[in-house]
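Student: In this note's numbering, the protein residues as written are 19 to 290.
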């Protein structure tokens with residue numbers, strides 16, 4: 019770890035963060051979701067598109083919205099359709115990103131809402147070995163209650179629909195922090211979503227908005243693309259003077275990490 023760095027861990031989003039947002043994967047994902055909603059609910063294309071937007075706004079994803087409404091949709095059914103049909107060949111290999119990730123001296127955690135199968139395929143296309151990360155937080159790790167025996171036990175017990183845990187929910191950010199095992203104030207969170215960045219900032223994380231030239235209100239840094247990370251936030255490597263650096267950045271407390279996490283944030287219980 020860089021001796022003079024204010025960061026002990028870097029949390030990195032995957033989609034539209036480690037690879038560009040203009041690959042065409044995003045629009046393809048929206049089309050797949052619309053097709054899934056049409057087939058599952060028997061609605062028109064226009065209605066499906068409107069529902070996708072509303073589900074994202076109110077629940078974080080269409081899967082979460084469907085489950086909240088009581089539809090019996092298994093995550094694997096949903097993900098195999100909306101992710102399994104993506105044009106992964108649009109993601110180009112980028113050796114620069116692989117080298118950049120390898121050079122980051124801190125603990126590195128991949129923090130994505132995506133399921134593990136999508137994560138693996140996207141990383142493979144990008145040319146990044148999953149082993150470069152010290153740990154992974156993905157859909158399955160945030161939602162164990164939706165799989166296996168836990169799912170069956172809940173179904174047998176009855177009750178309301180389970181809650182799907184995704185960024186930007188408090189439970190999701192807490193899940194990322196617990197895997198990071200570090201003080202939020204010494205943890206750097208990179209994401210392309212302003213909603214996710216705001217949620218991370220609310221729990222004390224240092225934040226970097228990726229894919230933008232201008233910081234949002236809750237972002238400490240704006241990183242136009244992941245390749246600019248060393249130039250914009252050289253503090254990761256213990257070098258002072260990032261382009262978006264603010265004077266307050268030098269005053270980050272050096273506190274014990276995991277043992278003090280519970281005193282820094284008050285996680286909500288994951289409703290399963």
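Beta carbons are placed, not taken as given, at the ideal position from N, Cα and C, and that holds for glycine. Source: prediction; values computed, not measured.
1. Tell me which same chain residues have a C-beta within less than 7 Å of the C-beta of residue 76, skipping the five on either side of it?
2. Please give the ranges of any beta strand (DSSP E) in the region 92–180, keeping only runs that are unbroken, at least 3 residues long and fully inside the region.
3. Comparing C-alpha positions only, which one of 145, 190, 59 sits nearest to residue 112?
4. Spatial neighbours of residue 93 within its chain, please: CB distance less than 6 Å, with the 5 preceding and 5 following residues excluded, ordered by chain position.
5. Can you find the residues in the same chain that come closer than 8 Å, C-beta to C-beta, to residue 109, ignoring five residues on each side of it along the sequence?
6. Helix, strand or coil for residue 231 per DSSP?
7. Using a Cβ-Cβ cutoff of less than 6 Å, which residues in the same chain neighbour residue 114 once the five nearest sequence positions on both sides are dropped?
8. With a threshold of 16 other CB atoms inside 10 Å of the CB of residue 121, please say whether the residue is buried or exposed.
9. Between the Cα of residue 118 and those of 150, 130, 100, 107, spot the shortest distance and give me the residue it belongs to.
10. Under the three-state reduction of DSSP, which class applies to residue 209: helix, strand or coil?
11. Which runs of the beta strand (DSSP E) spanning at least 3 residues fall entirely within the region 19–64, listed in chain order?
12. Are the region 211–220 and the region 101–108 touching, with three or more C-beta to C-beta distances below 8 Å?
13. Report yes if the C-beta distance between residue 31 and residue 130 is below 8 Å; otherwise report no.
14. From residue 29 to residue 128, what does the alpha carbon distance come to, in whole angstroms?
15. What are the residues that DSSP puts in a beta bridge with residue 225?
16. Please tell me whether residue 225 and residue 26 are closer than 8 Å, where the distance is taken between their beta carbons.
Tutor: Once the coordinates are examined:
1. Walking along the chain shown from the start, residue 76 turns up at place 58. Within the same chain, and ignoring the five residues on either side of residue 76 in sequence, the residues whose Cβ sits closer than 7 Å to its Cβ are 83.
2. The beta strand (DSSP E) runs of length 3 or more contained entirely in the region 92–180 are, from start to end of the chain, 125–129, 153–155.
3. Working through the chain shown from its first residue, we reach residue 112 at position 94. Residue 112 has its Cα closest to that of 145, out of 145, 190, 59.
4. For the purposes of this step, residue 93 is taken as the residue at position 75 of the chain shown. Hits under 6 Å: 164.
5. Taking the chain shown and counting its residues from 1, one reaches residue 109 at position 91. Correct list, in chain order: 37, 41, 43, 140, 143, 144.
6. Against the chain shown, residue 231 aligns to sequence position 213. Of the three classes helix, strand and coil, the one that applies to residue 231 here is coil, per DSSP.
7. Within the chain shown, residue 114 is the residue found at index 96, counting from 1. If we look at residue 114 and ignore the five residues flanking it on each side, its Cβ neighbours are 245.
8. Counted from its first residue, the chain shown places residue 121 at position 103. When all chains shown are included, residue 121 counts as exposed.
9. What you label residue 118 is simply residue 100 of the chain shown in a count that begins at 1. Of the candidates 150, 130, 100, 107, the one whose C-alpha sits nearest the C-alpha of residue 118 is 150.
10. Against the chain shown, residue 209 aligns to sequence position 191. In the structure shown, residue 209 adopts extended strand secondary structure according to DSSP, grouped into three states.
11. Those beta strand (DSSP E) runs which fall completely within the region 19–64 and span 3+ residues are 27–30.
12. Contact between the region 211–220 and the region 101–108 is absent, because fewer than three Cβ pairs lie under 8 Å.
13. As a working mapping, residue 31 is identified with position 13 in the chain shown. As a working mapping, residue 130 is identified with position 112 in the chain shown. Yes. Within cutoff.
14. In the chain shown, residue 29 corresponds to position 11, counting from 1. In the chain shown, residue 128 corresponds to position 110, counting from 1. One Cα belongs to residue 29, the other to residue 128, and the distance between them is close to 6 Å.
15. As a first step, residue 225 must be located in the chain shown, where it is residue number 207. Answer is 207, bridged to residue 225.
16. The residue labelled residue 225 in the question sits at position 207 within the chain shown. The residue labelled residue 26 in the question sits at position 8 within the chain shown. Result no, Cβ atoms of residue 225 and residue 26 do not sit closer than 8 Å.
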